[in-house]
Amino acid sequence: MEFTKSLILIVSISSLLLSINAVPTTSYTALTPAASEPGRLIGIRVIPEVILFCKDTENPILCAETIVPYFQGEFNPIVALHSEFEATLNQSLKVANIIAQLQVPKEAIDALDICKKQYEYIVDTIKEADELLNISNVVDAYYKFASVLAYRSACEDAFVESNGVLNPFAEDSLIVYQLGGNCLAILDGIINSNYRF
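If you count by mature numbering (1 follows the signal peptide of the UniProt record, and there is no 0), then the sequence shown holds residues -22 to -1, 1 to 175, one letter each, in order.
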């Protein structure tokens, strides 16, 4: 009798554990981009395809957060990538606007001028990469988009090389880096057939 009770208990616990793990969760808590209060959490509904799509990106939470609002119907990696391109472009335009309005000490003027030019390049490059994607030229879009991160790094380096001058838009620039890294990871996944259409 004792054996039967133990067996029933083990089977019950095993069944419970298996049933908990067998049900996929589709609700995740995600950090909002810097436009919101830092550290504020919001609940977003995430589609399993988006979770898989974003899992190997620079910032999977940010990736899912920028794609989910535009998700409709059947999942398409190219449409999702366009959403990520648009988010990167919008964030880059935000940084370019911040740069244009900044009043900085004379020690930071050279760095700010470099960043202004670099963010002009970033905006143009994202638009060019998106045009390449529109004609299904994913490989060239990848190589074109890679320069976005190089331009952003040149801006960051300009502040590092300006002794004692801190980057006044570092958090917004970090989001450009994360979104850009997401785009490159997605492009790489498409090129290497990690995403099925």
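C-beta: ideal position from N, C-alpha, C; glycine also.
| Query | Result |
| --- | --- |
| Whether residue 108 touches residue 63 by CB criterion (8 Å) | yes |
| CB contact flag (residue 169, residue 117, <8 Å) | yes |
| Proximity winner among 162, 80 and 92, relative to residue 122 (alpha-carbon distances) | 162 |
| Coarse secondary structure for residue 135, derived from DSSP in three states | helix |
| Reference residue 71; option with closest CA among 153, 115 and 47 | 153 |
| Three-state secondary structure assigned by DSSP to residue 66 | helix |
| Distance between residue 164 and residue 29 (C-alpha atoms, nearest Å) | 13 Å |
| Chain C contact for residue 82 (CB, 8 Å cutoff) | In the structure shown, chain C does not exist; there is a single protein chain. |
| Per-residue DSSP class, three states only, for residue 61 | helix |
| Close Cβ partners of residue 41 (< 7 Å) along its chain, the five nearest in sequence each way excluded | 32, 35, 62 and 160 |
| Proximity of residue 127 and residue 137 at Cβ, strictly below 8 Å | no |
| Residues near residue 101 in its chain [Cβ-Cβ closer than 8 Å; skip 5 each side] | 67, 70, 71 and 74 |
| 7 Å Cβ shell around residue 132 - same chain, five flanking residues per side excluded | 92 and 96 |
| Own chain, CB closer than 6 Å to residue 15, minus 5 neighbours either side, in chain order | Because residue 15 carries a pLDDT of 39, less than 50, the predicted location of this residue cannot be relied on, and the following value inherits that uncertainty. Contacts found: none. |
| Selected residue, minimal CA-CA separation from residue 146, among 46, 81, 60 and 45 | 81 |
| Which of helix, strand or coil DSSP assigns to residue 47 | helix |
| Continuous beta strand (DSSP E) assignments of at least 3 residues falling wholly in the segment 89 to 146 | none |
| Minimum C-alpha distance to residue 125 - residue among 65, 26, 158 and 89 | 158 |
| Beta-carbon spacing of residue 111, residue 56 below 8 Å | yes |
| Limits of the unbroken alpha helix (DSSP H) element including residue 154 | 148 to 169 |
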